[in-house]
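A.B. asks:
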Amino acid sequence: MYERILVPLDGSIMAENILPFVEGISKRLGSEVILVSVFPEDKKVLDRPLRAYIEKRVSELQALGVKASGMVVYGEDPAEEILALSEKINVGLIALSAYGRSGTKWRLGGVPSKILQGTRIPLLLTRTFSFDEAMRQREFKKILVPLDGSKAAEDILPYVEEFLKGSDSEVLLLHVLESLRIPPYVESIIEATMEPEERENWKEQKEKERLEEAQGYLKEVADRLRERGFKVKETVKMGDIAELILSIASEEKCDLLAISSHGKQSGVTRWLFGDVAFKIIEGAMIPLFILPKRKGLLFAEYH
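One rule links them: number in our numbering = place in the sequence shown (from 1) + 474.
1. Taking the alpha-carbon of residue 623 as reference, which of 541, 694, 526 and 713 has the nearest alpha-carbon?
2. Give the DSSP-derived three-state secondary structure of residue 722 in the structure shown.
3. At 3 residues or longer, what runs of the beta strand (DSSP E) sit wholly inside the region 519-599?
4. Run the CB neighbour count on residue 533, radius 10 Å, all protein chains shown included, and call it buried at 16 or more, exposed below.
5. On a Cα-Cα basis, can you pick out the residue from 604, 563 and 621 that is closest to residue 494?
6. Could you check the C-alpha separation between residue 685 and residue 720 for me, to the nearest Å?
7. Roughly how many whole angstroms lie between the Cα atoms of residue 529 and residue 637?
8. So residue 544 packs on residue 520, CB below 8 Å; how close in whole Å?
9. Is there contact between the region 722-738 and the region 662-675, where contact requires at least three CB pairs shorter than 8 Å?
10. Taking its Cβ as the centre, do 16 or more other Cβ atoms sit within 10 Å of residue 755, making it buried, or is it exposed?
11. Starting from residue 495, follow the alpha helix (DSSP H) in both directions and report where the run begins and ends.
12. Distance check for residue 554 and residue 701, CA to CA, integer angstroms please.
13. Pick out whichever of 602, 561 and 625 has its Cα sitting closest to the Cα of residue 592.
14. With DSSP collapsed to three states, give me the class of residue 760.
15. At what residues does the alpha helix (DSSP H) containing residue 766 begin and finish?
16. Just list the beta strand (DSSP E) runs in the region 636-696, keeping only unbroken ones of 3 residues or longer that don't cross its boundaries, in chain order.
17. Can you list, in chain order, the residues of its chain whose CB lies under 6 Å from that of residue 761, leaving out five sequence neighbours each side?
18. What residues in its chain sit with their C-beta under 7 Å from that of residue 572, if we drop five residues either side in the sequence?
19. Just curious, the alpha helix (DSSP H) that residue 625 is in, first and last residue?
20. Give every residue of the same chain whose Cβ lies closer than 6 Å to the Cβ of residue 697, excluding the five residues on either side of it in the sequence, and list them in chain order.
21. Give the straight-line distance between the Cα atoms of residue 649 and residue 716, rounded to the nearest whole angstrom.
22. What is the rounded straight-line gap between the Cα of residue 511 and the Cα of residue 551?
23. Pick helix, strand or coil for residue 839, following the three-state DSSP scheme.
24. Is residue 514 helix, strand or coil when you go by DSSP?
25. Go to residue 618, then tell me how far its beta strand (DSSP E) extends in each direction, as first and last residue.
26. Pick out whichever of 691, 634, 540 and 546 has its Cα sitting closest to the Cα of residue 526.
27. So residue 506 and residue 478 are in contact, right, with Cβ under 8 Å, and what is the actual spacing, rounded?
This is the structure we're talking about:
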């Protein structure tokens, strides 16, 4: 699945902070690492030093025992060139830093954002500020995987399994329940037919049933992973989805947050899609493994 990893570099030290992560993944999974730099057409006059830069980084990885190669591509839109190349050479993972030459924070409209919106290939996005910090974070000892109860969100599980092969990582499954939403017309019926105390008891019972259902669902998923030899914990929380995912990642000292950009999307429930996904991507201070929406799903036999 991850035979080839594409790593975009823009010549900056900040962008190179992805390399310790890639080195560790490549050694563990036996992946080939392909470094690529995209520059505007008018920089072709600097072709020799630009290629020398990539060749040096390739040599450094090779000296560490990583199978690596590199290329320089010319084009006006780096994201479009990277996306086209990823499809052309059939990579299994795109790995890049959220910070590049400018050193500015990941932003909507930037290269990482455009890649995320345009790719159908899993993406590893890191936001470390130094090489030393990257070296400390690259082990991925605890991975947080939020699930919304849908089969679509579970599509990420085989990718996480494969990504963690050869590691001793622990998987923390999280399901976040939003507060019970009762349509106004139903609320009116409840108020007309139940006494205040009865209404509160009814709502408490419904919340309890939802919690038990979520716990049962998450345990079932966790047990499947345990049968495959993974260390797994599961937890159910109630509240704001994005805020809880980010706070649990921090409280549990997770090293990686794995999310699917497509899940339950019926009615107003958008889980890891749209605003919720953006809040997580914008707010996470640990590496993100993101499975974008795909036309065809691999490992359909998993379920």
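Idealized CB from N, CA, C, for every residue including glycine.
C.D. replies: According to the data block:
1. To locate residue 623, count along the sequence shown from 1; it is residue 149. For residue 623, the nearest C-alpha among the options comes from 694.
2. To locate residue 722, count along the sequence shown from 1; it is residue 248. In this structure, residue 722 counts as helix in the three-state DSSP scheme.
3. Uninterrupted beta strand (DSSP E) stretches at least 3 residues long and entirely within the region 519-599 occur at 542-548 and 567-571, given in chain order.
4. Against the sequence shown, residue 533 aligns to sequence position 59. Residue environment for residue 533: exposed (fewer than 16 other C-beta atoms within 10 angstroms of its C-beta).
5. Start at 1 with the first residue of the sequence shown, and residue 494 comes out as number 20. The shortest Cα separation from residue 494 among 604, 563 and 621 belongs to 604.
6. For the purposes of this step, residue 685 is taken as the residue at position 211 of the sequence shown. For the purposes of this step, residue 720 is taken as the residue at position 246 of the sequence shown. The alpha-carbon separation between residue 685 and residue 720 amounts to approximately 20 Å.
7. Translated into the one-based positions of the sequence shown, residue 529 becomes position 55. Translated into the one-based positions of the sequence shown, residue 637 becomes position 163. C-alpha separation (whole angstroms): 27 Å.
8. Indexing the sequence shown from 1 puts residue 544 at position 70. Indexing the sequence shown from 1 puts residue 520 at position 46. At roughly 16 Å, the Cβ-Cβ gap does not stay under 8 Å, so residue 544 and residue 520 are not in contact.
9. Touching, no.
10. Translated into the one-based positions of the sequence shown, residue 755 becomes position 281. Burial call: buried.
11. For this step, residue 495 is matched to residue 21 along the sequence shown. It spans 493-503 - the alpha helix (DSSP H) in which residue 495 sits, taken as one unbroken run.
12. Here the question's residue 701 lines up with position 227 in the sequence shown. Here the question's residue 554 lines up with position 80 in the sequence shown. Cα to Cα, residue 701 sits roughly 41 Å from residue 554.
13. Residue 592 sits at position 118 when you count from the first residue of the sequence shown. Closest by alpha carbon: 561.
14. On the sequence shown, position 286 is the one that residue 760 refers to. Coil.
15. Here residue 766 refers to the residue found at position 292 when the sequence shown is read from its first residue. Note, residue 766: premise wrong, no alpha helix (DSSP H); not H, not E.
16. The DSSP assignment places complete beta strand (DSSP E) segments of no fewer than 3 residues inside the region 636-696 at 644-651, in order along the chain.
17. Within the sequence shown, the letter at position 287 stands for residue 761. Excluding sequence neighbours, residue 761 sits near 600 and 730.
18. Here residue 572 is taken as the residue at index 98 of the sequence shown, counted from 1. Same-chain partners within the cutoff: 580, 586, 599, 600 and 601.
19. In the sequence shown, counting from the first residue as 1, residue 625 sits at position 151. Residues 625-628.
20. Numbered from its first residue, the sequence shown carries residue 697 at position 223. Counting only Cβ-Cβ distances below 6 Å, and skipping sequence neighbours, we find nothing.
21. The residue given as residue 649 occupies position 175 in the sequence shown. The residue given as residue 716 occupies position 242 in the sequence shown. When rounded, the separation of the alpha-carbon atoms in residue 649 and residue 716 is 11 Å.
22. Locating residue 511 in the sequence shown gives position 37, where the first residue counts as 1. Locating residue 551 in the sequence shown gives position 77, where the first residue counts as 1. Going by the C-alpha atoms only, they are around 12 Å apart.
23. Any property of residue 839 remains undetermined from this structure, which presents the chain solely from 475 to 777.
24. Along the sequence shown, read from residue 1 onward, the residue named residue 514 stands at position 40. In the structure shown, the three-state DSSP call for residue 514 is coil.
25. Numbered from 1 along the sequence shown, position 144 holds the residue referred to as residue 618. It spans 616-620 - the beta strand (DSSP E) in which residue 618 sits, taken as one unbroken run.
26. What you label residue 526 is simply residue 52 of the sequence shown in a count that begins at 1. When each option's Cα is compared against that of residue 526, the closest is 546.
27. The residue given as residue 506 occupies position 32 in the sequence shown. The residue given as residue 478 occupies position 4 in the sequence shown. A Cβ-Cβ distance of about 5 Å is found for the pair residue 506 and residue 478, placing them in contact under the 8 Å criterion.
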